[in-house]
Each structure stands twice: as C-alpha cells, then as structure tokens.
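Each residue of the sequence shown is one higher than the one before, counting from 28 in the numbering used here.
Please read the structure below before turning to the comments.
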Amino acid sequence: TKQDAIALVNKAFGRGFSQYDGWSNFKERVRKFRNGKTSFADVCRGFVRIFYTTDFAKVAGREKGYIYFQDFIDKNDSDIRIIVVDEKAFALKRMVRENDFRASGSGFIHYEKNLIDVEMVKIAMQVNRKLDAQCLAYDFVYRDADPLLIEISYGFAIETYDLCEGYWDRDLTWHEEKFIPQNWMVDLMLK
C-alpha cells in the first residue's frame, strides 16, 4: 500500500535497515533443512544467531540513505541467472521457494542447457558489451513470453556454478566442457 511504501521510505532515510536478520536467517535454514539442503548443525547455528549476531553485522552498520522498489512480475516459477565474463556466458535456472516469489537463494537449481533461453544469453552479452563490463550477473524472467532483464549484479557465489555443463562464447556457440570462471577473470586482469 501507499502507507507501507511511505513507512519503508521513512525507515530507509531514518534508522535504516539491519544487514542481518537472525530470525529470517533461522527460518531460511529450517526451510533448507526440510528440503535436504543443509544440516541440522547448520539449523542449530542459525538458532544461536538469533541471539548472537555475526561479526559482519556488528561492523557493517545499517543500510540507509536509499530505497529500491521493484515491480512484481507474476507467472514465473523461476528466474534465469546468466554470468558473462570476458565474452563468455554460463547460466542456470533458479526455482522459486515454496509459497514465495523469490528464486535467489532458494537452493533449487537446474543446470541443463536446454532450460536456458539463448535469447536471454544474447541480451546479456549485448548489455555486457554496451556497459563495457568485464564480469556481471544478469537475472531474467518472462513477461508475456518475452525475456525481461530484472537485475544486474557484480558478484555471484562461485561454487554455485561449478555444476554448469558448459558455456556460450561471443558468437553464442555452445562449449560443453568444465571451466573455471575465476581463471577467465585472471586472464582479463593480465590483458
């Protein structure tokens, strides 16, 4: 609602938001445990974190001075994350959480090439060239059957992509082989 938006704006430009929420973190660990994605010990650590915050949260401070609103794009059970590094792209499909709309962090990931829309890869490559970027992550969903770029990030969890089956080159030719994107980043730095 409009009142909710105003309250969020006031908080963002007032006290700000804590970068760590122990209760939400605990609930996410329980969800992942129920789905076989984490251990009981991890759930116990999450419970302790409700009462004892992380060192990062202590020094990071609160996020404030900006706010970010995003349109909700319905009818999507997943998103596609495409990473472009030095004219090479690799991708995965992230499924949304149960009873939620967010795909990021769900832990339900598909790596099969046939699940990735090459048009999204093409768009990510084009945007990467326009931005003259070395390494960016692009998140896509569909709106009325058309690919829609919804977010660009500069970072990604490296180990999540170890199971990717291959990558596309600048000409969108598929290379089915194991790769280490960090090596591509090092090569970029040495150019």
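Just so you know, even glycine gets a beta-carbon here, dropped at the ideal spot from N, CA and C.
Which residue's Cα is closest to the Cα of F44: E90, D166 and Y138?
E90
Bounding residues of the alpha helix (DSSP H) (the contiguous stretch that carries E178)
Premise fails: E178 lies in the beta strand (DSSP E), D173 to S180, not in any alpha helix (DSSP H).
Output the distance between the C-alpha atoms of L19 and L35, rounded to the nearest integer angstrom.
The structure shown does not extend to residue 19, since the chain is modelled only from 28 to 218, so the question has no answer here.
How far does the alpha helix (DSSP H) with L142 in it reach, from first residue to last?
Taken as a continuous stretch (DSSP letters only), L142 belongs to no alpha helix (DSSP H), as it is neither H nor E.
Pick helix, strand or coil for C191, following the three-state DSSP scheme.
coil
Which of helix, strand or coil does DSSP assign to E55?
helix
Whole-angstrom C-beta distance between I110 and A164, which should lie under 8 Å
5 Å
Straight-line gap, P174 to R108 (C-alpha atoms, nearest Å):
12 Å
Considering only DSSP beta bridges, list what L163 is partnered with.
V111
Return helix, strand or coil for L119, following the three-state DSSP convention.
strand
Express the C-alpha separation of I100 and Y194 in angstroms, rounding to a whole number.
28 Å
Assuming V251 and D106 form a contact by the criterion Cβ under 8 Å, report the distance between their Cβ atoms to the nearest whole angstrom.
Any property of residue 251 remains undetermined from this structure, which presents the chain solely from 28 to 218.
Beta-carbon spacing of F53, G73 below 7 Å
yes
If you check the beta carbons only, do V123 and D98 fall under 7 Å apart?
no
What residue range is occupied by the uninterrupted alpha helix (DSSP H) comprising F83?
D82 to A87
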